[in-house]
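In the UniProt record's numbering, the protein residues as written are 1 to 116. In this text, a Cβ means the ideal position worked out from N, Cα and C, and glycines have one as well. Nothing here was measured: the structure is a model prediction, and the numbers come from that model. As structure tokens, the structure follows; a few thoughts come after it.
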Amino acid sequence: MSLKPIRSFTDLVTVLNRGRFSEKLDEHLTHAVETLEALPDQKGKATITITLTVAYQEGRIEVVPNVRSKLPEDKGFSGTPFWAVEGGFSVQHPSQSDMFAGPRGVNARERDRDVG
């Protein structure tokens, strides 16, 4: 009984290191997708590089696989502006606080000045 020679790249990859190399490729692919989905600005690029070193000597072929991933650098998040208010943080500018406080009373001096 004779085994059929491997002539397909995908067939070769699946038998390297008894299938463990193919599993490692799946891990790299999964990690790349998870990293891309978690990017704060929802945009990025990953590169997965597969290298097969094929050495031949006296009829024997040895294939040494390697995989590397280049994932997008973590850009972090953009800054959020705050204003210092009463020893704490506020997302509301202090000069806008009157806009949301509701109607305010008018004293006699302001009322007389506006009417005239």
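Taking C-beta atoms as the reference points, I48 and A38 fail to come closer than 8 angstroms. Taking a 10 Å sphere around the C-beta of F21, we find 16 or more other C-beta atoms and assign the residue as buried. Fewer than three beta-carbon pairs drawn from the stretch 78-91 and the stretch 58-70 are found closer than 8 angstroms, and the two stretches are therefore not classed as touching. Restricting attention to beta strand (DSSP E) runs no shorter than 3 residues, the stretch 50-80 encloses them at 60-70, ordered along the chain. Separation of D41 and E34 (C-alpha to C-alpha, rounded to the nearest whole angstrom) is 14 angstroms. For L12, the CB contacts under 6 angstroms within the same chain, skipping 5 residues up- and downstream, are I6 in chain order.
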